[in-house]
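Residue numbers (my numbering): 5 to 459.
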């Protein structure tokens, strides 16, 4: 199981692309994995024949666990990359996992591979205790040994800290008792978090003592019951977390893209000939957005408790709809890219997202997000803000509409214009409505007066 990011300690075997007895070539995709950050195809480290599969589909194991054996042409069995010996500080619960991986034996069974019904009762899966003074359940700079000792990822510890839950007091469903995001969310939703921190301020989204969920629905005769895919379950957790954390407000502006449409039509042939890339409206919009973010830095910020972190990088997350879910690859330092550079980044990230070729770092560290449901015909929407950012821009369908415009002589006429509705969801805890509207007004003004030299 490869290490797919510094903060990732385990991965789930999503699908085997080869079966025992199949020939494989070096760097040929052999299986798919799913982590908290990304879904990816993993290439074979060598050529040969797949001799043995040690980790089955749906099973979650620690990174560096041997998942299969490949018989090379010389007849030797090639193991996965050598597992680093556990550091002395690692927990005793984690030691058997590393030893099993190093010896080539099958990985230990974990609760994460049990029947779904075993996870549906948070009270039995995890137990919250009051936080202990002097102990910290959050941090982002720990080593692997520290993460294993506290049995959680940085994101899980951050969520626990925000709700006053002590990680060390929970028995999770992950490997070696690690507390997963699903575990911590179940604790919070079950009400155990309130018992762990009785003096915490009540949630603004649900009055104290009121259950957040109604009765569990039961399948009827003829219904089909399917468990959520990992990417759908992760998306659901992120959306619930955002709705509980951010104070969502949405503003709408109609923007006239007629000038951009004319510039695009004029540049399109030469642009595509020189760059080999298809020129769409989105790079023009990204240029306008990055310029507006520099004028209104709070929309490029993050909230950390009672502090605001003003990001100096402009990393734009672009939502990409896939057949199996939604993923948000990130264009890093978008303000440093030209129209050609933005177009290439957009097309490359979208293509590799659909092929499951993205690296974990390519879906992290977004400072502002753009989603484009307009490609499906949607006129407008109220997108949910990705945690921990403060805003997200939704793009509606671009279409021609009759509009009243004023001519040079001051006379009003009706003309056909290319327009779209832009929606901005923002966190009202730190962004006032006037600031959000000024941001949108700046984006509107930039696009409606777009200079051809800006291309």
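Even glycine gets a Cβ: it sits at the ideal position worked out from N, Cα and C.
Under a three-way DSSP split, which group does residue 39 fall into?
Of the three classes helix, strand and coil, the one that applies to residue 39 here is coil, per DSSP.
| field | Cβ-Cβ distance between residue 44 and residue 360 below 8 Å | value | Result yes, Cβ atoms of residue 44 and residue 360 sit closer than 8 Å.
Should the stretch 387-394 be called in touch with the stretch 240-248, which here means at least 3 C-beta pairs below 8 Å?
In this structure the stretch 387-394 lies against the stretch 240-248, because at least three pairs of beta carbons, one per stretch, are closer than 8 Å.
### Message
I need the straight-line Cα distance from residue 415 to residue 310, nearest angstrom please.
### Response
Computed Cα separation, rounded: 52 Å.
query = DSSP three-state call for residue 189: helix, strand or coil?
reply = The answer is helix: DSSP assigns residue 189 an H, G or I state.
Open item on the list: For a cutoff of 8 Å on Cβ pairs, would you count residue 400 as touching chain C?
Closed with: In the structure shown, chain C does not exist; there is a single protein chain.
- Task: Just tell me which of 395, 275 and 374 has its CA closest to the CA of residue 345.
- Result: Ranking the options by Cα distance to residue 345, first place goes to 275.
**Q.** Reduced DSSP secondary structure (H/G/I, E/B, other) of residue 17
**A.** Here residue 17 sits in strand by DSSP.
#### Entry: Limits of the unbroken alpha helix (DSSP H) element including residue 167
Note, residue 167: premise wrong, no alpha helix (DSSP H); not H, not E.
* To do: State the Cα-Cα distance for the pair residue 268 and residue 6, rounded to the nearest angstrom.
  => Residue 268 and residue 6: Cα-Cα distance of roughly 43 Å.
message = Tell me whether the stretch 291-304 and the stretch 429-448 touch, counting them as touching only if at least three CB pairs, one residue from each stretch, are closer than 8 Å.
response = Taking a cut-off of 8 Å on C-beta distances, the stretch 291-304 touches the stretch 429-448, as three or more cross pairs fall below it.
Using alpha carbons as the reference points, say which of 351, 402, 270 and 422 lies closest to residue 281.
Of the residues 351, 402, 270 and 422, the one whose Cα lies closest to the Cα of residue 281 is 351.
### Task
From the DSSP output, in three-state form, read off residue 227 for me.
Assignment of residue 227 by DSSP, reduced to helix, strand and coil, places it in the coil class.
TODO: Would you check if the stretch 364-384 and the stretch 311-323 touch, i.e. whether three or more CB-CB distances between them fall below 8 Å?
DONE: The stretch 311-323 vs the stretch 364-384: in contact.
**Item:** Assigned exposure category for residue 381 - 16 Cβ within 10 Å defines buried
**Value:** A residue is called buried when at least 16 other Cβ atoms come within 10 angstroms of its Cβ; residue 381 does not meet this threshold and is exposed.
Strand pairing of residue 398, partner residues [DSSP]: The beta-bridge partner set that DSSP reports for residue 398 consists of 375 and 427.
* Bridge-paired residues (DSSP) for residue 314 -> For residue 314, the pairing in a beta bridge is given by DSSP as 305.
Practice problem: Compute the Euclidean distance between the alpha carbons of residue 232 and residue 406, then round it to the nearest angstrom. | Solution: Going from the Cα of residue 232 to the Cα of residue 406 covers about 44 Å.
TODO: Could you name the residues of the same chain whose beta carbon sits closer than 7 Å to that of residue 50, not counting the 5 residues immediately before and after it, in chain order?
DONE: Result list for residue 50: 30, 74, 76 and 82, in chain order.
**Item:** Member of 184, 16 and 248 whose CA lies at the smallest distance from the CA of residue 58
**Value:** Comparing alpha carbon positions, the residue from 184, 16 and 248 closest to residue 58 is 16.
Put residue 54 into one of helix, strand or coil per three-state DSSP.
DSSP places residue 54 in strand when its eight states are reduced to three.
Quiz item: Would a C-beta distance cut-off of 8 Å place residue 312 and residue 434 closer than the cut-off?
Solution: Cβ distance < 8 Å, so residue 312 and residue 434 count as in contact.
- Check the C-beta distance from residue 398 over to residue 377 and give it rounded, since I have them as a contact under 8 Å. Confirmed, about 6 Å.
State the Cα-Cα distance for the pair residue 291 and residue 429, rounded to the nearest angstrom.
It is roughly 19 Å from the alpha-carbon of residue 291 to the alpha-carbon of residue 429.
| query | How is residue 247 classed by DSSP in three states: helix, strand or coil? | reply | In the structure shown, residue 247 sits in a helix (DSSP, three-state: H, G or I).
Query raised in the report: Going by other Cβ atoms of all chains shown within 10 Å of its Cβ, with 16 needed for buried, is residue 314 buried or exposed?
Result: By the 10 Å Cβ count, residue 314 comes out exposed.
- prompt: Name the DSSP bridge partner or partners of residue 255?
  reply: Note: residue 255 sits in a beta bridge opposite 428.
| query | Between the Cα of residue 298 and the Cα atoms of 249, 32 and 317, which residue gives the shortest distance? | reply | Checking every option, the nearest Cα to that of residue 298 belongs to 317.
In chain order, each beta strand (DSSP E) run of at least 3 residues that lies wholly inside the stretch 314-360: Complete beta strand (DSSP E) runs here, min 3: 320-322, 324-326 and 329-331.
Legend entry - Local conformation of residue 442 per DSSP, three classes: Here residue 442 sits in helix by DSSP.
* To do: Could you check if residue 213 is buried or exposed, using at least 16 other CB atoms within 10 Å of its CB as the buried criterion?
  => Bear in mind that a pLDDT of 39 at residue 213, under 50, signals an unreliable position, so the number given afterwards is only what the model happens to contain. Exposed is the label assigned to residue 213, since fewer than 16 other Cβ atoms lie within 10 Å of its Cβ.
Between residue 260 and residue 174, what straight-line distance do the alpha-carbon atoms span, to the nearest angstrom? The alpha-carbon atoms of residue 260 and residue 174 are separated by roughly 54 Å.
- Message: By the three-class DSSP mapping on this structure, what secondary structure does residue 453 have?
- Response: In the structure shown, residue 453 falls within a coil segment according to DSSP collapsed to helix, strand and coil.
query = Exposed or buried, what is residue 42 when buried is set at 16 or more other beta-carbons lying within 10 Å of its beta-carbon?
reply = Classification of residue 42: buried, given that the 10 Å Cβ count is 16 or more.
task = Tell me whether residue 189 is buried or exposed, calling it buried when 16 or more other Cβ atoms sit within 10 Å of its Cβ.
result = Result: buried.
Have a look at residue 400 and residue 254 and give me their C-alpha separation to the nearest angstrom.
Going from the Cα of residue 400 to the Cα of residue 254 covers about 14 Å.
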